[in-house]
Amino acid sequence: MASPLLIMRHGEALSGFPDHQRRLSDSGRREVSIMGAWLSAREDLELTKLRVVASPYARAQQTAALVVEALPSVVDIDTLDIITPDDVPEAVVEWLLGEADDVPLLIVSHMPLVAALTGLLVEGRSDYGVGFATAAIAELTGEVRASGCLSLRRLTTPAEVES
596 MASPLLIMRH GEALSGFPDH QRRLSDSGRR EVSIMGAWLS AREDLELTKL RVVASPYARA
656 QQTAALVVEA LPSVVDIDTL DIITPDDVPE AVVEWLLGEA DDVPLLIVSH MPLVAALTGL
716 LVEGRSDYGV GFATAAIAEL TGEVRASGCL SLRRLTTPAE VES
């Protein structure tokens with residue numbers, strides 16, 4: 596079995612353009628901090644081995660940095676140019692197939708990509724994705740990180756963690 600794949604939508608962002616420079620709002624930083632604390636308390640994940648990959652957009656980089664702050668064993672954030680809002684999920688799956696699957700992986704990206712990617716990995720179709728609240732994390736498990744080969748174990752939102 597491959598290590599868990601976590602797909603996270605960035606926290607709430609301020610409006611404005613250019614899109615790639617939009618930053619997290621105060622509420623977004625709070626949401627991400629909640630999810631970082633939730634992740635750090637997870638004893639069922641090998642967090643000492645967690646790899647974090649984020650979109651190059653400012654709000655995704657900020658989200659990844661806040662999550663990493665809560666996980667002292669994680670120090671690096673890799674930037675992946677193919678996980679911006681309008682990128683195609685098939686390219687991400689192709690990338691996943693070339694990556695080691697023996698370490699847990701957290702991908703920090705955007706809607707609509709996070710929904711389409713989750714749908715493609717679970718259902719084999721990118722139009723079957725799930726809705727992601729800001730800062731939500733989908734946890735996928737399975738034998739191989741390929742189209743239609745994973746199961747959605749859970750989708751967790753900051754509101755659920757707080758309550």
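Count along the sequence shown from 1, add 595, and you get the number used in our numbering. Note that the Cβ used here is the ideal one computed from N, Cα and C, for glycine as well.
Counterpart residues of residue i in DSSP-defined beta bridges
i           : result
residue 603 : 703, 732
residue 646 : 700
residue 597 : 737
residue 608 : 619
Span of the beta strand (DSSP E), counted from its first residue to its last, around residue i
i           : result
residue 746 : 745-751
residue 629 : Note, residue 629: premise wrong, no beta strand (DSSP E); alpha helix (DSSP H) at 621-635.
Beta-carbon separation (whole angstroms), residue i vs residue j, contact threshold 8 Å
i           : j           : result
residue 725 : residue 713 : 6 Å
residue 599 : residue 734 : 6 Å
residue 719 : residue 743 : 3 Å
Residue i and residue j closer than 8 Å at C-beta
i           : j           : result
residue 607 : residue 736 : no
residue 655 : residue 647 : no
residue 727 : residue 618 : no
residue 669 : residue 696 : no
residue 601 : residue 631 : no
residue 752 : residue 633 : no
residue 686 : residue 672 : no
residue 653 : residue 615 : yes
residue 688 : residue 754 : no
residue 745 : residue 717 : yes
residue 721 : residue 667 : no
residue 680 : residue 708 : yes
residue 665 : residue 620 : no
residue 711 : residue 674 : no
Range of the contiguous alpha helix (DSSP H) that encloses residue i
i           : result
residue 710 : 708-718
### Message
I'd like the ranges of any alpha helix (DSSP H) spanning at least 4 consecutive residues and lying wholly in the stretch 661-702.
### Response
Runs of the alpha helix (DSSP H) lying entirely within the stretch 661-702, each at least 4 residues long, are 684-692 in chain order.
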